[in-house]
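Have a look at the structure below before the remarks.
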Amino acid sequence: MTETFPHATPNSQSGSFHAEGRAVDAGRGWDWIVEAFALFRKRPGIWILAALMLGVLFIAISMIPLLGSLANALLFPIFGAGLMLGCRDLDRGGALEIAHLFAGFKHKTGDLVMVGAFNLFGWVVIAFAVFMVVGGGVFMGLMRGGMPGAGISIASMLIAMLLVAGLSVPLYMAIWFAPALIVLQDMAPADA
Numbered sequence: 000m001t002e003t004f005p006h007a008t009p010n011s012q013s014g015s016f017h018a019e020g021r022a023v024d025a026g027r028g029w030d031w032i033v034e035a036f037a038l039f040r041k042r043p044g045i046w047i048l049a050a051l052m053l054g055v056l057f058i059a060i061s062m063i064p065l066l067g068s069l070a071n072a073l074l075f076p077i078f079g080a081g082l083m084l085g086c087r088d089l090d091r092g093g094a095l096e097i098a099h100l101f102a103g104f105k106h107k108t109g110d111l112v113m114v115g116a117f118n119l120f121g122w123v124v125i126a127f128a129v130f131m132v133v134g135g136g137v138f139m140g141l142m143r144g145g146m147p148g149a150g151i152s153i154a155s156m157l158i159a160m161l162l163v164a165g166l167s168v169p170l171y172m173a174i175w176f177a178p179a180l181i182v183l184q185d186m187a188p189a190d191a
């Protein structure tokens with residue numbers, strides 16, 4: 000029986016990717032979290048700095064009227080891919096650098112922008128659905144000359160928030176791992 004040191008950095012199972020998926024024990028989820036934290040512990044300062052830089056960058060971009068939101072939707076997969084490339088290098092014994100944040104601009108940028116376009120299209124569909132369900136009723140009430148009361152406005156806002164929450168979860172499920180699959184597993188955007 001081989002003994003392992005319980006506080007050693009766990010080794011990932013690189014090269015064991017299965018596009019069709021596979022079943023693993025539920026406890027493996029916790030192992031993934033532990034492995035991810037081990038990567039964080041290797042370079043916590045760079046991780047924190049990269050997160051702060053990315054946050055400031057997205058906030059600055061979002062301040063541009065209309066185009067900022069569009070740009071954020073398109074850029075999200077590119078920056079995510081850069082961080083995944085940094086994780087891979089860190090896992091292989093390399094160093095995580097701030098430059099990894101922008102590595103998505105050098106690797107499969109077109110495919111990553113396509114994922115961003117899927118993201119943008121998904122948000123347009125969500126906005127349309129919210130308008131049709133919530134805004135359509137308020138709009139029709141205004142067209143008939145009525146003024147919606149505060150109760151209707153609050154109810155409309157609550158319904159809108161629930162719709163956005165309910166519809167954004169499947170959207171993010173569809174695109175969350177796509178940048179990593181594109182740059183690390185060479186998958187096409189639609190397959191990822």
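Read in order, the letters of the sequence shown are residues 0 to 191 in numbering that gives the first Met the number 0.
Positions of the beta carbon are idealized from the N, C-alpha and C atoms, including for glycine.
I97 - DSSP class collapsed to helix/strand/coil: Residue state, collapsed to three classes: helix.
Exposed or buried, K107, counting other C-beta atoms within 10 Å across all chains shown (16 or more means buried)? It is buried - the Cβ of K107 has at least 16 other Cβ atoms within 10 Å.
Using a Cβ-Cβ cut-off of 8 angstroms (strictly less than) and excluding sequence neighbours within five positions of G115, which residues of its own chain qualify? Around G115: A72, L73, L74, F75, P76, I77.
Mind checking I174: buried by the 16 CB within 10 Å criterion, or exposed? Under this definition I174 is a buried residue.
Would you call the CB atoms of L180 and A189 closer than 8 angstroms? Not closer than 8 angstroms, so no.
Between which two residues does the alpha helix (DSSP H) harbouring G44 extend? Where G44 is concerned, the enclosing alpha helix (DSSP H) stretches over 43-61.
Neighbour-count burial assignment, M113, 16 or more Cβ in a 10 Å radius: Counting Cβ neighbours within 10 Å, M113 comes out buried, since at least 16 surround it.
Out of M52, G85, L170, V33, state which residue places its alpha-carbon closest to the alpha-carbon of F120. Out of M52, G85, L170, V33, L170 has the C-alpha closest to the C-alpha of F120.
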